[in-house]
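The end of the sequence shown is residue 413 by the working numbering, with every number in the run present. Glycine included, C-beta positions come from ideal geometry on N, C-alpha and C. Some notes on the structure that comes next.
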Amino acid sequence: MKKPRRNHSAQFKARIAMEALRGIKTVAEIAAENNVHPTMVTRWKTELTEGAADLFERKNAPDLEKRGLEKNCERLERKVGQLVIEKEWMEKKCVELGIDP
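Right, dumping it as structure tokens:
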């Protein structure tokens, strides 16, 4: 019978990854002590080192992205308004010329 898949908490993963980064114990020792596979320890260590830069990114970066999206939305709304006016004008001219719009 299969063993159910275990889900580890973020705190557990961080603790294991930090322990692996310290280098006091080998990956195999850490894995054996915590009853996880050594590849998981290595993966969590890699995720920690690659994601560490995200901790120091500017906090207002999402605000800048949001402002950019809002500007793009406003530009698109203006374009839609312009196209609606052009469509109505063309329909009016078609009626004046006796063409089926």
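Helix, strand or coil for residue i per DSSP?
i, result
"residue 412", "coil"
"residue 313", "coil"
"residue 335", "coil"
"residue 369", "coil"
"residue 318", "coil"
"residue 347", "coil"
Report buried or exposed for residue i, applying the criterion of at least 16 other Cβ atoms within 10 angstroms of its Cβ.
i, result
"residue 414", "Past the boundaries of the shown model lies residue 414; the chain is included only from 313 to 413, so the question cannot be answered."
"residue 401", "exposed"
"residue 342", "buried"
"residue 365", "exposed"
"residue 357", "buried"
Give me, in chain order, the residues of the same chain whose beta-carbon lies closer than 6 Å to that of residue i; leave out the 5 immediate sequence neighbours on both sides.
i, result
"residue 350", "339, 340 and 343"
Below 8 Å on the Cβ atoms is my guess for residue i versus residue j; work out the distance and round it to an integer in Å.
i, j, result
"residue 333", "residue 360", "7 Å"
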